[in-house]
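Working notes for the structure below.
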Amino acid sequence: MTELLQMSWLTTPAMVGPSIRNQLLKCWRDVSNTGGAVGFPFPPVADEQVLQSIDALVRSLDVAANRILIATLDGELAGWLLLAGNSSELTAHWARVLRVQTALDFRNCGVGRALMTEVARSAAEDLALEHLRLEVRAGMGLEGFYQSCGWREIGRWPEALRLPGGDRDEVLMALALKRNAGPAGAW
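Each residue of the sequence shown is one higher than the one before, starting from 1 at the first, in UniProt numbering.
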């Protein structure tokens with residue numbers, strides 16, 4: 001199925017029409033409400049709460065700052081993530097991967113791996129980045145998935161996340177990309 005996925009980068013607010021906005025809402029809400037560690041730690045979350053975050057995210061889209069990668073199958077959102085860059089020349093050579101999620105109907109079909117493959121490819125080839133970073137909530141079983149995609153754990157913030165049922169570590173992960181010729185700058 002992953003060979004049928006269409007990958008698209010959304011780099012400006014104008015690229016996020018009502019249909020995509022509604023599909024992002026459904027995915028983010030559903031993933032959050034099933035316990036996904038995607039920015040809303042205290043489920044259940046309501047549509048209004050998620051829409052505020054989506055609208056802020058869409059407003060932040062900029063070729064030189066933030067971009068959303070969406071995976072679709074027959075026009076239906078299968079998953080998405082955010083790639084957040086750095087405008088400072090001190091840190092312009094790396095970016096953060098945030099909000100990685102797969103729509104519930106597309107779980108265990110390779111969508112997450114396809115998203116991680118495309119973000120790494122695009123970061124290296126299209127953006128001349130050298131590293132990607134992400135943070136993972138410990139205790140969710142996600143470290144193994146990211147490690148299987150080539151990421152490595154580089155540290156932890158012990159008991160950084162206060163959640164119902166106990167504190168959790170925040171796991172810091174990194175992916176080294178192939179170094180490209182030329183300086184990495186703002187996208």
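For every residue, glycine included, the Cβ atom is placed at its ideal position computed from N, Cα and C.
None of these values were measured; they are calculated from a predicted model.
- Around the beta carbon of Leu10, 16 or more other beta carbons lie within 10 angstroms, which makes this residue buried.
- DSSP places Ala176 in no alpha helix (DSSP H) but in the uninterrupted beta strand (DSSP E) bounded by 166–176.
- Distances from the alpha-carbon of Thr91 to those of Glu76, Leu132, Arg107, Leu115 put Leu132 closest.
- A distance below 8 Å separates the beta carbons of Leu83 and Val97.
- Our two residues, Leu69 and Gly166, have alpha carbons roughly 32 Å apart in a direct line.
- Contact annotation: Arg21 and Ile54 have beta-carbon atoms nearer than 8 Å.
- Taken through DSSP and simplified to helix, strand or coil, Glu76 comes out as strand.
- Of the other Cβ atoms in all chains shown, fewer than 16 fall within 10 Å of the Cβ of Thr34; this residue is therefore exposed.
- Collapsing the DSSP output to three states places Arg107 in coil.
- Gly150 sits exposed, since fewer than 16 C-beta atoms from the chains shown fall within 10 Å of its C-beta.
- In the three-state scheme derived from DSSP, where H, G and I count as helix and E and B as strand, Asn22 is classed as helix.
- Taken through DSSP and simplified to helix, strand or coil, Val16 comes out as coil.
- The region 35–46 makes no contact with the region 64–81, as fewer than three CB pairs between them are under 8 Å.
- In the assembly as shown, Ser32 is a buried residue. Its beta-carbon has 16 or more other beta-carbons within 10 Å.
- Where Ala92 is concerned, there is no enclosing beta strand (DSSP E), because DSSP gives it neither an H nor an E.
- At least 8 Å separates the beta-carbon of Met15 from that of Glu118.
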